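Chains as they are written, first to last, in my numbering: chain A, 755 to 1119; chain B, 755 to 1119; chain C, 755 to 1119; chain D, 755 to 1119.
Note that CB positions come from ideal geometry on N, CA and C, so glycine has one too.
Please read these numbers as outputs of a predicted model, since none were measured by experiment.
Below is one structure, written out as structure tokens, with a few remarks after it.
There are 4 protein chains.
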Amino acid sequence: MAGSSFGTIFRITTWGESHGKALGVVVDGCPAGLALCEEDIQKYLDRRKPGTSNVTTQRREDDLVEILSGVFEGRTTGTPISLMVRNTSQISGDYGNLAAAYRPGHADYTFDQKYGFRDYRGGGRSSGRETVGRTAAGAIAAKLLSQMGITVMAYTRSIGPVEADMDRFDPGLILTTPTAMPDPTANEKALAFLADARNRSDSVGGCMECRVTGLPAGIGDPVFEKLDANLAKAIMSIGAVKAVEIGDGCAVSSRFGSENNDAFRQKDGAVVKSSNHAGGVLGGISDGDTLLIRAHVKPTPSIYQPQQTVCRDGEEITLEIRGRHDPVIVPRAVVVMECMTALTVLDALMINMSARLDRMVDFYR
Amino acid sequence: MAGSSFGTIFRITTWGESHGKALGVVVDGCPAGLALCEEDIQKYLDRRKPGTSNVTTQRREDDLVEILSGVFEGRTTGTPISLMVRNTSQISGDYGNLAAAYRPGHADYTFDQKYGFRDYRGGGRSSGRETVGRTAAGAIAAKLLSQMGITVMAYTRSIGPVEADMDRFDPGLILTTPTAMPDPTANEKALAFLADARNRSDSVGGCMECRVTGLPAGIGDPVFEKLDANLAKAIMSIGAVKAVEIGDGCAVSSRFGSENNDAFRQKDGAVVKSSNHAGGVLGGISDGDTLLIRAHVKPTPSIYQPQQTVCRDGEEITLEIRGRHDPVIVPRAVVVMECMTALTVLDALMINMSARLDRMVDFYR
Amino acid sequence: MAGSSFGTIFRITTWGESHGKALGVVVDGCPAGLALCEEDIQKYLDRRKPGTSNVTTQRREDDLVEILSGVFEGRTTGTPISLMVRNTSQISGDYGNLAAAYRPGHADYTFDQKYGFRDYRGGGRSSGRETVGRTAAGAIAAKLLSQMGITVMAYTRSIGPVEADMDRFDPGLILTTPTAMPDPTANEKALAFLADARNRSDSVGGCMECRVTGLPAGIGDPVFEKLDANLAKAIMSIGAVKAVEIGDGCAVSSRFGSENNDAFRQKDGAVVKSSNHAGGVLGGISDGDTLLIRAHVKPTPSIYQPQQTVCRDGEEITLEIRGRHDPVIVPRAVVVMECMTALTVLDALMINMSARLDRMVDFYR
Amino acid sequence: MAGSSFGTIFRITTWGESHGKALGVVVDGCPAGLALCEEDIQKYLDRRKPGTSNVTTQRREDDLVEILSGVFEGRTTGTPISLMVRNTSQISGDYGNLAAAYRPGHADYTFDQKYGFRDYRGGGRSSGRETVGRTAAGAIAAKLLSQMGITVMAYTRSIGPVEADMDRFDPGLILTTPTAMPDPTANEKALAFLADARNRSDSVGGCMECRVTGLPAGIGDPVFEKLDANLAKAIMSIGAVKAVEIGDGCAVSSRFGSENNDAFRQKDGAVVKSSNHAGGVLGGISDGDTLLIRAHVKPTPSIYQPQQTVCRDGEEITLEIRGRHDPVIVPRAVVVMECMTALTVLDALMINMSARLDRMVDFYR
């Protein structure tokens, strides 16, 4: 089924496997007139590239994006924007028992059950490399939102037990710390924690958070197309995410109503909330406050310890995974969360344009 | 925008406001040949009706569903099934300052921002009564799934700080305890906790959980239409839900990979997992294990304490809400979660039918 | 499959069978703020009711529409508008061999092949009564378009060999002549032709045409969502339509380019065409000229002559259809064409709102 | 808006402009297990390449397709298939007044009105080259259908006044005659007619026809997703098509019911029709007979005669178009019609798989 598309009016379709020829995305429904060049997209892709602080430069040549259509004389034309990244480092080498064995925590078994066979090279379509397409598309969405004064910013909230202290929040650190944590102290602690886990051939989980500011009230639809429902889908569709929270999230289930309600008040002629437990959404519609989403990410399933598993033919084996794998997914997934949020919010803004007759009549006057 | 529909092949469209003439749903895409009568649907609607154990009977006449189309001689015909529930108890009485004031925690303000005005009677389309339509449709989905040996079961996991002990899990209690808790001890404690909150004119939050058993492996699609992503949207679209977890959910973010991976093993010729941290989904595709979803629900926003808020004209007021409101949303929302899960899973099963060429060729042979 | 919906942003879902309890439609995505009452819809439904000039009044009580949701204090709220028409005249009487026999030109055989059985009462979902839902929804679309200065008008172009002379075009006649022809002379001739066909127990085909004026240039999308492609689908989805033409339609296939191109020129600061062979669409996008669509409708398949056919069990029989059937479909289908056109055009206008970045930024400023 | 996609389950998304870097398509929803290589697609692309009989060879290097994803070890994997054709012959030369002037019969003016500006090089997205993507995708659909015994075949029915005689129908000629006519005599006459038109610097229109054989009864849905409605949209979305007919098409509007109904009869245990005026569709659902669709195509709008038009700034000018343009569109569009038909029929087959409960239960047993 056509499950590789996301969005209704601003609609993206991604394609590509981790060890195929290339990965890419078609962005359909981008308004005409947005200034766009490859560098706008490249800087987002660079954020999801592998690398700790000291390896980033040497991999600089990786994942170069090419704009194949939809941009003319530096501006989007309103027609589909096709973006492609060639896979350069794939080696069609020996996959050993990976062709036959089902790696725990991976989609090998489920792909075989669904399709009868699978592209076993590096995870194929269920690899983390699949996010190249979403990220490239999200970069365009984020640029477009910025023209409307809307900012989307994601960061690492926690790695294992190490949580960023929001009182020390410094957005400038998100792009510079290896952990994408906005708190320098937590960043240091998390790096030590990660080094320790790696030494024990293990991996760790983490939590990421995303904030949207500048979003007007009234965006999102009641019932099934609630803004938070669409965000939940968008974020849960990122591989390895196992939980999504809006605003105070899980905490609300042990709260009293008198604690959890956000009072309204008047400020400079506008209606504002005196707190934001709701995370910027009421009844599925944005309330003008900061949108706040949190995602819990499981530990990298590829670990260097022997694991019990089964092969295609039913044989039970002990599997030892080799190769290079990140000890934690979150720092590289932060930009993906930012992009999925941007795509969701932009689409909701477009859909909202026909919500009121008076505004529609004005538009066509 | 057309945000009142859910699903791709098995697609439902709900309509109706809490104090309008009626509420309903059109179920389009139901296969022909399902035995269906009003009682099949009524028993699901009855579960979401107001009531503690001692008031259920006296309200028996409420929310009677009528099948208007799509069923002929007791079986579905393949054409749209239209279901309607007349609103009988709405009083077009005095809504006092509710027409003007924005109730904290409700969608009054966001509806006004979106549409310019709103149906202020009892929440209109953002009322909990909106779930009548989903529930009626979900009853059909659940019946259809049961023909394929698939069972969907939701229950209350916790109310405030009181959590059900899964070691005492008794499914028979879900439909009989006022809390919909499957643990008799927790049910008693929760009732006492609720009574206390109500005495203090307060409300409380809670957590609900849903299990799907009998689902074959291979259901759901990679990338954007992951089974868990669609479940997240489905469940987050239920009013008052603020977080959705799959399997171990939030807990994974502080785990090690060696703890979190589920080993595969062979059992009676089938591949099984030795644990189910994943909650039955790997790479967005069902793995044949029990599907496990959890939702955190905020406290009922309507409380009987004075609250600070603002009116349409910007005036700040102290609001006192009257009327009858449940002190906790979860017990009545459990069936809604069950229904949204059934709808999501059934649609995914239909979509999966063309995943393999050999099976498709067989189908049309 | 969910095939009972039409439109993307302004999306309708119809339901109901000819001899079921009721027929209806849910209109989702209607902007908030449109003044709407039942009479707005009733006058469209009245145009598709059975009747020659002298029977219209006595059937006045038929097909009364009820607005069940989505309208509050006389205006649309932005939430789904549910409309219902109760079937009052259905008689659950003796359908004789119609339950078993496949009527030539009807969908009896194909329904049985698709679904395994069918509601054989009066055609069920494939009856002409199915258009009640579309027409009710189209009435809302047409009213909304009129607020923007856009007019949709359909009429009978020909019945059998009798064609309306466009030089005598009188729009006032469309609603008053029994044939819905805008030419009084052709109307008379067509009535005589019909009387003759009826005397011979036969039925006749016809052609209907629809004009949209006031539509701005720029509506519709290139490639698959061309305005004319969507109109073709909309009109071909009306039962009995076997051909759809845009502008000069079929005639273009025997033309020279020098004849068929419409020259552009300047008029009062605007770009206009000096002819309209294109029918108001270039490259799938409206050009500001009158939109012109034509549809060819087959003769009513129910005729009173003996016909050869087959029964469910394979037996060959001679079928004689009884009951009351119109000798021609077109006059009652004209309003359906008008409604499907209105729905298509309105949806395209909504979708177009995010085509340009500058206009989108302005909208949200 | 996202108007570059077609289909629901088998869904394609095309991209690219005539003078951009490349054109392509993403095919999402192709079942796993179809043997597929570039040659399967190339042979369809070759049919839409420019060329009379004597120029085909020298352009052999043009429009070479590359499979970028979705195929592993020679078989489709179930994940999106990305196909790309590099534009090799585009010259970023002098477009002269084409950047400013609105060519009659083209989409220049409407693109400017919609998007505010346009890629004026060779028509951009509204060029005939846009069909490269559809054709590549359609080749896959056609191959898949052939595995199920379903054949789709399109050909030229007429060019200007020259019509193929169906009594001389020779399918082998479709791929070998320059006109794609299945009648050798008509082919000769049409070539003479075309030579004459070209000498007069003019272009001509034509008609193409498509037949689908082997399609089982029961495909397509009632009401809006009728098989013929979707075919009408598919075919009308091909640039330059101005009319679509199903079966006897326009002719039915001047028929009597007694002439137009197809009688059913029994043959070898199956139900068949004794004629096929309906063109293989009754009530929007296939009846097991040959599906017959006809499309009327306007003359190539680019002619070498002086034409009156207007520029972006409103100035009226006389335009003289240069370059190489086909004198008739039909012969190269025939394969596009075949592909759009294949895509539509395949999608309908997939959607139909959940029409009956018994078959769905069997599928998952």
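I'd like to know whether the C-beta of K1052/D is nearer than 9 Å to at least one C-beta of chain C. Counting from 1 along the fourth sequence, the entry for residue 1052/D is found at position 298. At least one C-beta of chain C is nearer than 9 Å to the C-beta of K1052/D.
Give a yes or no on whether 9 Å exceeds the smallest Cβ distance from A1102/C to chain A. As a first step, residue 1102/C is located in the third sequence; it is residue number 348 there, counting from the start. Output row for A1102/C: interface = no.
What residue range does the alpha helix (DSSP H) around C1093/D cover? In the fourth sequence, residue 1093/D corresponds to position 339, counting from 1. It spans V1084 to I1105 - the alpha helix (DSSP H) in which C1093/D sits, taken as one unbroken run.
Which residues does DSSP pair with R1119/C in a beta bridge? Indexing the third sequence from 1 puts residue 1119/C at position 365. Per DSSP, none; premise fails for R1119/C.
Counting C-beta neighbours from all protein chains within 10 Å, is the total for G1077/D 16 or more, i.e. buried, or is it exposed? Locating residue 1077/D in the fourth sequence gives position 323, counting from the first residue. G1077/D comes out exposed.
Between which residues of its own chain and L1097/B is the CB-CB distance below 8 Å, once the five residues before and five after are set aside? One-based indexing of the second sequence puts residue 1097/B at position 343. F760, G761, F764, I766, R888, A891, G892, A895 and A988, listed in sequence order.
For S836/D, the residue or residues it bridges with in DSSP: Indexing the fourth sequence from 1 puts residue 836/D at position 82. The beta-bridge partner set that DSSP reports for S836/D consists of V780/D.
When every heavy atom of the ligand NAD is checked, does at least one fall within less than 8 Å of the C-beta of K1021/A? Inclusion of the ligand NAD in the displayed structure is not the case, the ligand content being empty and no account of it being possible.
Write down every uninterrupted run of the beta strand (DSSP E) in the segment 1007 to 1071 of chain C whose length is 3 residues or greater and which is fully enclosed by it, in chain order. For the segment 1007 to 1071 of chain C, whole beta strand (DSSP E) runs of length 3 or above, ordered along the chain, are 1018 to 1021, 1024 to 1027, 1045 to 1051 and 1061 to 1064.
Residues in the same chain with beta-carbon distance under 6 Å from V906/C, minus the five sequence neighbours each way, listed in chain order, please. Counting from one through the third sequence, the residue named residue 906/C turns up at place 152. The answer, listed in chain order, is A896, V966, E1092, T1095 and A1096.
For I894/D, return the contacting residues in chain C, with the cut-off set at a CB-CB distance below 9 Å. Counted from its first residue, the fourth sequence places residue 894/D at position 140. Ordered by position in chain C, no residue passes the 9 Å Cβ test against I894/D, which lies about 17 Å from the chain.
Return the Cβ separation of M935/A and A918/A in integer angstroms, given the expectation that the two are a contact with Cβ distance under 8 Å. For the purposes of this step, residue 935/A is taken as residue 181 along the first sequence, with counting starting at 1. For the purposes of this step, residue 918/A is taken as residue 164 along the first sequence, with counting starting at 1. Right, the Cβ-Cβ distance comes to about 5 Å (below 8 Å), so this counts as a contact.
Confirm, please, whether the CB-CB distance from V995/A to H1031/A is below 9 Å. Here residue 1031/A refers to the residue found at position 277 when the first sequence is read from its first residue. Here residue 995/A refers to the residue found at position 241 when the first sequence is read from its first residue. No. Outside cutoff.
Closest to L899/C by CA distance: which of A789/C, C1065/C and L1036/C is it? As a working mapping, residue 899/C is identified with position 145 in the third sequence. Answer by Cα proximity: A789/C.
P1060/D, buried or exposed, once every other Cβ within 10 Å from all chains shown has been counted against 16: In the fourth sequence, residue 1060/D corresponds to position 306, counting from 1. Exposed is the call here.
Contact criterion: CB-CB distance below 9 Å. Does Y869/C meet it with respect to chain B? Reading the third sequence from its first residue, position 115 is the one you call residue 869/C. Answer yes: the Cβ-Cβ gap between Y869/C and chain B drops below 9 Å somewhere.
Which value, in whole angstroms, describes the spacing of the CA atoms of A786/B and D817/B? In the second sequence, the residue the question calls residue 786/B occupies position 32. In the second sequence, the residue the question calls residue 817/B occupies position 63. Cα to Cα, A786/B sits roughly 26 Å from D817/B.
Cβ of R965/A less than 9 Å from any chain D Cβ? Residue 965/A sits at position 211 when you count from the first residue of the first sequence. The beta carbon of R965/A does not come within 9 Å of any beta carbon belonging to chain D, so the residue lies off that interface.
If you measure between the beta carbons of N851/A and L1073/A, is that distance less than 9 Å? By one-based count along the first sequence, residue 851/A stands at place 97. By one-based count along the first sequence, residue 1073/A stands at place 319. Going by beta carbons, N851/A and L1073/A fall inside the 9 Å limit.
For D1112/C, count the other beta carbons within 10 Å of its own beta carbon; 16 or more makes it buried, fewer makes it exposed. Which is it? Counting from one through the third sequence, the residue named residue 1112/C turns up at place 358. With fewer than 16 other beta carbons inside 10 angstroms of its own, D1112/C counts as exposed.
State yes or no: is the C-beta of G1038/A within less than 9 Å of the C-beta of G993/B? To locate residue 1038/A, count along the first sequence from 1; it is residue 284. To locate residue 993/B, count along the second sequence from 1; it is residue 239. Remark: C-beta atoms of G1038/A and G993/B approach each other more closely than 9 Å.
Note down, in chain order, each residue of its chain lying with its Cβ closer than 7 Å to the Cβ of D1101/A, except the 5 sequence neighbours on either side. Here residue 1101/A refers to the residue found at position 347 when the first sequence is read from its first residue. Take D1101/A, set aside five residues on each side of it, and the residues of its chain with a beta-carbon closer than 7 Å to its own are G761, T762, I763 and F764, in chain order.
Would you kindly check if the distance between the Cβ of V958/A and the Cβ of T1044/A is under 9 Å? Position 290 of the first sequence, counting from 1, holds the residue named residue 1044/A. Position 204 of the first sequence, counting from 1, holds the residue named residue 958/A. T1044/A places its beta carbon 9 Å or farther from that of V958/A.
Inter-stretch contact at 8 Å, needing at least 3 Cβ pairs: the segment 972 to 981 of chain B / the segment 1103 to 1119 of chain B: Counting Cβ pairs under 8 Å, three or more are found: they touch.
With 9 Å as the threshold, decide whether the Cβ of K980/C is near any Cβ in chain D. Position 226 of the third sequence, counted from the first residue, corresponds to residue 980/C. At a cut-off of 9 Å, the C-beta of K980/C has a neighbouring C-beta in chain D.
Same chain, Cβ closer than 6 Å to G1033/B, neighbours up to 5 away in sequence not counted: In the second sequence, counting from the first residue as 1, residue 1033/B sits at position 279. Correct list, in chain order: I1000, G1001 and L1046.
DSSP three-state assignment for L948/B, whether helix, strand or coil: One-based indexing of the second sequence puts residue 948/B at position 194. Assignment of L948/B by DSSP, reduced to helix, strand and coil, places it in the helix class.
Does the count of Cβ pairs from the segment 765 to 779 of chain D and the segment 831 to 838 of chain D closer than 8 Å reach three? Three or more beta-carbon pairs separated by less than 8 Å link the segment 765 to 779 of chain D to the segment 831 to 838 of chain D, which places the two stretches in contact.
Going by DSSP in three states, F826/C sits in which element: helix, strand or coil? One-based indexing of the third sequence puts residue 826/C at position 72. Look at F826/C here: in three-state DSSP terms it is strand.
Is the segment 940 to 949 of chain D touching the segment 870 to 885 of chain D in the sense that three or more CB pairs, one from each, lie closer than 8 Å? Too few Cβ pairs lie closer than 8 Å, so no.
Which ranges does the alpha helix (DSSP H) cover as unbroken runs of at least 4 residues, wholly within the segment 845 to 897 of chain B, from first to last along the chain? If we require 4 residues or more, the alpha helix (DSSP H) runs fully inside the segment 845 to 897 of chain B come out as 862 to 869.
Range covered by the beta strand (DSSP E) that runs through E963/C: Counting from 1 along the third sequence, the entry for residue 963/C is found at position 209. G960 to T967 is the span of the beta strand (DSSP E), which, as asked, contains E963/C.
According to DSSP, is Q812/D helix, strand or coil? If you number the fourth sequence from 1, residue 812/D lands on position 58. Note on Q812/D: pLDDT 40, under 50, position unreliable in the model; no value is reported.
Measure from the C-beta of C791/A to each C-beta in chain B and report whether the shortest distance is under 9 Å. By one-based count along the first sequence, residue 791/A stands at place 37. Output row for C791/A: interface = no.
Can you list the residues of chain C that K943/D reaches, using a CB-CB cut of under 7 Å? Here residue 943/D corresponds to residue number 189 of the fourth sequence, with the count starting at 1. Going along chain C, no residue has its Cβ under 7 Å from K943/D, so there is no contact; the nearest lies around 14 Å.
Who are the Cβ neighbours of A986/A in its own chain at under 7 Å, not counting the five residues just before and after it? As a first step, residue 986/A is located in the first sequence; it is residue number 232 there, counting from the start. Same-chain partners within the cutoff: V998.
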